[in-house]
Amino acid sequence: MAEPLTKSNTSGICVIAEVEHQTLHPVTLELLGKAVDLAKKLPGPISCLIYGHDVASLGQWALSFGAQQVLVLDHRELAAFRTDIMASVLHEAIHDLKPAVVLIGATPIGRSLAPRLAGLLETGLTADCTELDISDHGDLIQRRPAWGGNIMADIVTQNHRPQMASVRPKIFTPIPEIANPNGSIRRFALDPDLLLSGINVLSRTEEPMTTSISDASRIVVAGLGVADETGLELVHALAKRLNAAVAYTRPLIERGIGNYTHQIGLSGRTVAPDLLVACGVSGSVQFAAGMGKSKHIIAINSDPDAEIFTLAHVGVVGDCYSVIPQWIDALDQGDYHV
Amino acid sequence: MKIVVCIKQVPATQEVQIDPITGTMKRQGMDAKMNPYDLIALEQAFQLKEKVGGSVTVISMGPTQADAVLREALAMGADQAILVSDRAFGGSDVLATARTLAMTLRKVGSDADLFIFGHQTTDGDTAQVGPAVAALLDIPQASLVRSIDNHDSFIEIEQKLGSLIQRATIKKPCLITVDPHELTPRLPSYWRLRTLTSDAVQLLGLADLDASAKTKVGILGSPTRVLRIFPPQRSTKSVVLDGKASDIGQQLVEDLIQAHLAERVIHG
Ligand SMILES: Cc1cc2nc3c(=O)[nH]c(=O)nc-3n(C[C@H](O)[C@H](O)[C@H](O)COP(=O)(O)OP(=O)(O)OC[C@H]3O[C@@H](n4cnc5c(N)ncnc54)[C@H](O)[C@@H]3O)c2cc1C
Ligand SMILES: Nc1ncnc2c1ncn2[C@@H]1O[C@H](COP(=O)(O)O)[C@@H](O)[C@H]1O
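Line order of the protein sequences matches chains A and B. Using our numbering, the first residue of the first sequence is number 1, and each one after it goes up by one. Using our numbering, the first residue of the second sequence is number 1001, and each one after it goes up by one.
Structure (structure tokens):
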């Protein structure tokens, strides 16, 4: 392998694209948006690595959303998702680009690929960052909720390069599309030896579109304050009246009340709906990490000092068991359409 | 078939103490349990062993009290248990943990067919250790696996990658992480637990693995550092309503209307 990557031979930011249905996954554009922001404090180019099969045409799109140079890894062996060869070819490409920072989407695919790539590069990788910045020393500050407790941590990769971070979808915002971007698109020549995989994909099927809470535009969340039968019935009734999906905090999932795909937070899903109603939720940092970007947040909690009130746009200090029925009544009586 | 499962002991409470100097977790004297995702990984391993025969080895890296989760795994039906413990391993991040586990697997798992990891831990919470170990061992890996069938030189798996279901074969030896699907882990046998001898768990330290790797493990071998920890800064610009007010329902409806989230139906 080529010379190791160090502080002195690396520069700039590289976003590893994810291709979904032959288009760029939204998280790719969101990461490019953040890269444009970070580049104000960090010298070097913004590059985008696109890997897959028949993906060369997507390069132009990456340029329109902030990439200055695109490196395309295109091969039919890269059509189906196989971590071994994908990590190997990305490893080669990273050595070619020599970025100081590598950003990757924390999707199911990104989350299984990024740690393998970081292992090959023998560098640090911070999972599920909720904020990124550049320090005075030019290091990437990777912010994420810390291990337990209501606490955040700033993490740095001091001496290893590249500095790798994964970020959930919907945390950052893309820049407005650039009409006539100038930038370069280059194809990377792949060494056939790197395309020998121990994995043979037999079939890929798209699961019938289950309504995912990540896509819901309105969500009612039940926390431990409403975890009994009556409380959950109220939450479901409110959700029905508001035309909203129901989601849960982690303790409820652990009790088997909902499926883990309905958990919001650091170890669950990230959501950014138009409306989020939190019922009996305390508002821990891990919960907030998954819903902080919601556009309108209403919280009902009986404890006036609950953290959730610092996140909510509207807070109701009260008992869910009396507030929710009154809310439903008011909606029914006034004949409101939601 | 020889199966190796990596399991971790995690805090049993949410009230975790963080060392303000190093920013790492204080594990001494805390209430602890087996990482719930690793219980699912273990159950997956036991079901496979029941179908095809062979053995299940469990490995954990952690302080000496992590012995408890290995004994629990033995009482559930594991055949062999190894605790990797050394002062030098303290403060490990993902890469240092992965290196330590990879060294261990090279030593005690060189004849293994399959390495199974949990999806993630409830303390580290990264879902990164498994894939990183696979990279260091240079073996194929698949994440979010929910079913496994055994064949001679490969396994056949189904993985759930978001809304995509992928079926694939993977050459042995290989590593998988288990999708946290509904799978009820079996209970440990109380009788087995009681009859475990004091040396039921084999102990390995850095010297047993590779004494020269001292700077590659623990806090010395960890590329990431916690710069600082701090309480979250949040805005307090929220409107606070009194839930006891008699018109609280109406106030909430008004708010929805203002936010363009509801409108009155006009009957024409
Ligand atoms: C690594 C890690 C990852 C985590 N990931 C997640 C995650 O992804 N998602 C997640 O949710 N959590 C996560 N957690 C757990 C998180 O720290 C909190 O413990 C959890 O979010 C708390 O859930 P809760 O708000 O439902 O319960 P609690 O904190 O117990 O809050 C219940 C609230 O209900 C209020 N209440 C009680 N009765 C009523 C009533 N009648 N009416 C109104 N209010 C009432 C109380 O005042 C209280 O504020 C994680 C923790 C760790 C360590
Ligand atoms: N200290 C450890 N000892 C054994 N296995 C571990 C350890 N840390 C992590 N693992 C394994 O790696 C998986 C993912 O952990 P994490 O990357 O911390 O979320 C866990 O479910 C375990 O299977």
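In this text, a Cβ means the ideal position worked out from N, Cα and C, and glycines have one as well.
Along the chain, where does the alpha helix (DSSP H) containing A/Q60 start, and where does it finish? As a working mapping, residue 60 of chain A is identified with position 60 in the first sequence. Counting along the chain, the alpha helix (DSSP H) containing A/Q60 begins and ends at G59 to S64.
Cross-strand partners of B/V1108 (DSSP beta bridge): Position 108 of the second sequence, counted from the first residue, corresponds to residue 1108 of chain B. Beta-bridge pairing links B/V1108 to no other residue.
Residues bridged to B/A1142 (per DSSP): Within the second sequence, the letter at position 142 stands for residue 1142 of chain B. BP columns for B/A1142 point to B/I1176.
Per-residue contacts from A/E122 into chain B (C-beta, under 7 Å): The count along the first sequence starts at 1 and reaches residue 122 of chain A at position 122. Here the neighbours are L1095.
Between A/L90 and A/L49, how many whole angstroms is the CB-CB distance? I'm expecting something under 8 Å. Here the question's residue 90 of chain A lines up with position 90 in the first sequence. Here the question's residue 49 of chain A lines up with position 49 in the first sequence. So it is a contact: roughly 6 Å between Cβ atoms.
Tell me whether B/P1232, by its Cβ, gets closer than 7 Å to a heavy atom of ligand 1. Against the second sequence, residue 1232 of chain B aligns to sequence position 232. Checking every heavy atom of ligand 1 against the Cβ of B/P1232, none is found closer than 7 Å.
Buried or exposed: which applies to A/L202, given that a residue is buried once 16 or more other Cβ atoms fall within 10 Å of its Cβ? Here residue 202 of chain A corresponds to residue number 202 of the first sequence, with the count starting at 1. With fewer than 16 Cβ atoms within 10 Å of its Cβ, A/L202 is classed as exposed.
Taking the beta strand (DSSP E) that A/A153 belongs to, which residues open and close that run? Against the first sequence, residue 153 of chain A aligns to sequence position 153. Secondary structure note for A/A153: its beta strand (DSSP E) is the uninterrupted segment M152 to T157.
In DSSP terms, what B/M1030 is bridged to: Taking the second sequence and counting its residues from 1, one reaches residue 1030 of chain B at position 30. Looking at the DSSP assignment, B/M1030 forms no beta bridge with any residue, so it has no partner.
Alpha helix (DSSP H) containing B/K1237: first to last residue? Start at 1 with the first residue of the second sequence, and residue 1237 of chain B comes out as number 237. Unbroken run through B/K1237: none, as it is neither H nor E.
Mark A/T3 as exposed unless 16 or more other C-beta atoms lie within 10 angstroms of its C-beta, in which case mark it buried. Taking the first sequence and counting its residues from 1, the one referred to as residue 3 of chain A is at position 3. At residue 3 of chain A the sequence reads Glu, which differs from the Thr that was named. With fewer than 16 Cβ atoms within 10 Å of its Cβ, A/E3 is classed as exposed.
Name the two residues that bound the continuous alpha helix (DSSP H) containing B/R959. Missing from the structure shown is residue 959 of chain B; chain B here goes from 1001 to 1268 and no further.
Could you tell me which chain A residues have their CB closer than 9 Å to the CB of B/I1165, listed as they occur along the chain? Taking the first residue of the second sequence as position 1, residue 1165 of chain B is located at position 165. Ordered by position in chain A, the residues that pass the 9 Å Cβ test against B/I1165 are S203, R204, T205, E206 and E207.
Verify the contact flag: A/P251, CB atom, against every heavy atom of ligand 1, threshold strictly below 7 Å. Against the first sequence, residue 251 of chain A aligns to sequence position 251. Correct: A/P251 has its Cβ closer than 7 Å to ligand 1.
Exposure of B/K1237, with buried meaning 16 or more beta-carbon neighbours within 10 Å: Within the second sequence, the letter at position 237 stands for residue 1237 of chain B. B/K1237 comes out exposed.
Name the chain B residues whose beta carbon is nearer than 8 Å to that of A/I300? Residue mapping note: residue 300 of chain A aligns to position 300 of the first sequence, counting from 1. Near A/I300 (Cβ distances below 8 Å), the residues of chain B are G1243.
Could you tell me whether any Cβ in chain B is nearer than 8 Å to the Cβ of A/Y336? Locating residue 336 of chain A in the first sequence gives position 336, counting from the first residue. With 8 Å as the cut-off, A/Y336 counts as an interface residue toward chain B.
Taking 8 Å as the threshold (C-beta atoms), are A/N182 and A/K98 in contact? Counting from one through the first sequence, the residue named residue 98 of chain A turns up at place 98. Counting from one through the first sequence, the residue named residue 182 of chain A turns up at place 182. It is not a contact, given that the beta carbons lie outside the stated cut-off.
Mapping the DSSP letters down to three states, classify A/T261 as helix, strand or coil. Taking the first sequence and counting its residues from 1, the one referred to as residue 261 of chain A is at position 261. Helix at A/T261.
Please classify A/G256 as buried or exposed, where buried requires at least 16 neighbouring CB atoms within 10 angstroms. Within the first sequence, numbered from 1, the residue matching residue 256 of chain A stands at position 256. Exposed.
Start-to-end residues for the beta strand (DSSP E) that takes in A/V55: Taking the first residue of the first sequence as position 1, residue 55 of chain A is located at position 55. Counting along the chain, A/V55 falls outside any beta strand (DSSP E), and DSSP gives it neither H nor E.
Specify the secondary structure class of B/T1169 as computed by DSSP and reduced to three states. As a working note, residue 1169 of chain B is residue 169 in the second sequence. Three-state DSSP puts B/T1169 in a strand.
Under 8 Å, Cβ to Cβ, is there at least one residue of chain A near B/Q1335? A question about residue 1335 of chain B goes unanswered here, because the residues of chain B that appear run from 1001 up to 1268.
DSSP on A/K41, reduced to helix/strand/coil? Taking the first sequence and counting its residues from 1, the one referred to as residue 41 of chain A is at position 41. A/K41: coil per DSSP, three-state reduction.
Taking the alpha-carbon positions, what's the B/I1229 to A/R144 distance? If you number the second sequence from 1, residue 1229 of chain B lands on position 229. If you number the first sequence from 1, residue 144 of chain A lands on position 144. When rounded, the distance between both Cα atoms is 10 Å.
B/E1263 versus chain A: which residues are under 9 Å apart at the beta carbon? Along the second sequence, read from residue 1 onward, the residue named residue 1263 of chain B stands at position 263. At a C-beta separation below 9 Å, B/E1263 has these neighbours in chain A: Y336, H337 and V338.
Under 7 Å from any heavy atom of ligand 2, does the C-beta of B/F1117 make it? Here residue 1117 of chain B refers to the residue found at position 117 of the second sequence. Yes - ligand 2 has a heavy atom lying nearer than 7 Å to the Cβ of B/F1117.
Members of the segment 150–171 of chain A that neighbour chain B once the beta carbon cut-off is set at 9 Å: The segment 150–171 of chain A vs chain B, Cβ under 9 Å: N150, I151, M152, A153, D154, I155, V156, T157, Q158, N159, H160, Q163 and S166.
So which residues of chain E does A/H313 contact, with C-beta pairs closer than 9 Å? Protein chains A and B are contained in the structure displayed, whereas chain E is not.
Any heavy atom of ligand 2 closer than 7 Å to the CB of B/S1238? Within the second sequence, numbered from 1, the residue matching residue 1238 of chain B stands at position 238. Result no, Cβ not under 7 Å from ligand 2.
By DSSP, does B/A1098 sit in helix, in strand, or in coil? For the purposes of this step, residue 1098 of chain B is taken as the residue at position 98 of the second sequence. The answer is helix: DSSP assigns B/A1098 an H, G or I state.
Find the residues of chain A that neighbour B/S1290, judging by a C-beta separation of less than 8 Å, and give them in chain order. A query on residue 1290 of chain B cannot be resolved here, the shown segment of chain B reaching from 1001 to 1268 and no further.
Going along chain B in order, which residues have a C-beta closer than 7 Å to the C-beta of A/H296? Position 296 of the first sequence, counting from 1, holds the residue named residue 296 of chain A. Per Cβ cutoff of 7 Å: A1259 and L1261.
Which same chain residues, not among the five before or five after A/R161, have their C-beta less than 7 Å away from its C-beta? Residue mapping note: residue 161 of chain A aligns to position 161 of the first sequence, counting from 1. Excluding sequence neighbours, A/R161 sits near L5, T6, K7, T10, A100 and T123.
What does A/Y51 touch in chain B if you count any residue whose Cβ is under 9 Å from its own? Position 51 of the first sequence holds residue 51 of chain A. Those within 9 Å of A/Y51 in chain B number zero; the least Cβ separation is about 15 Å.
Could you confirm whether any beta carbon from chain A is found closer than 8 Å to the beta carbon of B/G1053? Here residue 1053 of chain B is taken as the residue at index 53 of the second sequence, counted from 1. No, B/G1053 does not count as interfacial toward chain A.
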